Amino acid sequence: MSTQLHTTTTGAGPAVVLVHGFANDSSVWASTVEDLRADCTCTAVDLPAHGRSPAPTERSPYEREALLASIDAVLAETGPAVYVGHSLGGYLGLAHCITRPGVLRGLVLVAAGPGFRDAASMQQWNDQVHLTMPRLDLPKVAAAASLHTDSMVIDRLSEVTVPVGLIVGTRDKAFVGANDYMERKLADVRRRTIADGRHRLMKTHPAEIADLVRDVVSAADLATGRQ
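189 is the number that the numbering used here gives to position 189 of the sequence shown; each next residue is one higher, with no gaps.
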């Protein structure tokens, strides 16, 4: 069951779709979009129950396949795009690239990871999500968006063949190792590591993210022969 997502589009040039992380909304991209708008058409997305998107009362719209279907509808409007995702948004970008090959032109993963293969690590993550939910202004069922139930993405990273940009802060301990792993496993990757950076790099280092987006857009143009 997909959800019609609220989006905001600005700028001119190649399409870039930006998807925030859990318990954030599209406003986190404001400075990055401002930097990019002269070069790219930027569409910032609110996931279900975030920002101005609807908040379904059932669990299923927050599960991975339903979220990907909701993103499909956005991409149907933007056309081929470079996808920029923070945290959960980045994980969904990887999942989209794997399950819908040939749709995305490139990926930029901001403080994101490919999920877990180790069952204990997966359970530890899920337990932390449940502990955090009472402090968030989100319906309880929305936790499903951030919960991991399988290792599909990390197991199939080799299927991601589009240009990928990775950016992570050195103080974002939960994701530095994940970016080390993805840098080794992805076929076409460029990485930025931000000294003393934390998890919400969109707030602290928007210009660095914008520069990486431009690099991936350029790489995608070269890969497709676009002038």
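Note that CB positions come from ideal geometry on N, CA and C, so glycine has one too. Bear in mind that the values here come from a model prediction, so they are computed numbers and not experimental data.
Can you check which of these residues, Ala178, Gly102, His50, Thr9, is closest to Ala145 by C-alpha distance? The option with the nearest alpha carbon to Ala145 is His50.
Whole alpha helix (DSSP H) runs in the segment 77-139 with 4 or more residues, listed along the chain?
-> Whole alpha helix (DSSP H) segments, 4+ residues: 88-99, 119-132.
What span of residues does the alpha helix (DSSP H) with Arg214 cover, start to end? In this chain, the alpha helix (DSSP H) harbouring Arg214 covers 206-224.
- Task: Compute the minimum distance between the beta carbon of Asp155 and the heavy atoms of the ligand GDP, and state whether it is under 7 angstroms.
- Result: In the structure shown, the ligand GDP is absent, as is every other ligand, since no ligand is present at all.
Val108 and Val176: beta carbons closer than 8 angstroms? Against a cut-off of 8 angstroms, the Cβ pair of Val176 and Val108 comes out as no contact.
Exercise. Roughly how many angstroms lie between the CA atoms of Glu159 and Asp188, to the nearest whole one?
Worked result: The C-alpha of Glu159 lies about 11 angstroms from the C-alpha of Asp188.
Indicate whether the contact test is met: 3 or more Cβ pairs, each with one atom in the segment 7-17 and one in the segment 34-52, closer than 8 angstroms. Flag = yes, the segment 7-17 and the segment 34-52 touch.
Check: From which residue to which residue does the alpha helix (DSSP H) around Val45 run?
Finding: For Val45, there is no enclosing alpha helix (DSSP H); the enclosing beta strand (DSSP E) covers residues 41-45.
Which residue's Cα is closest to the Cα of Leu166: Asp118, Ala23, Asp215, His6? Here the closest residue by C-alpha is Asp215.
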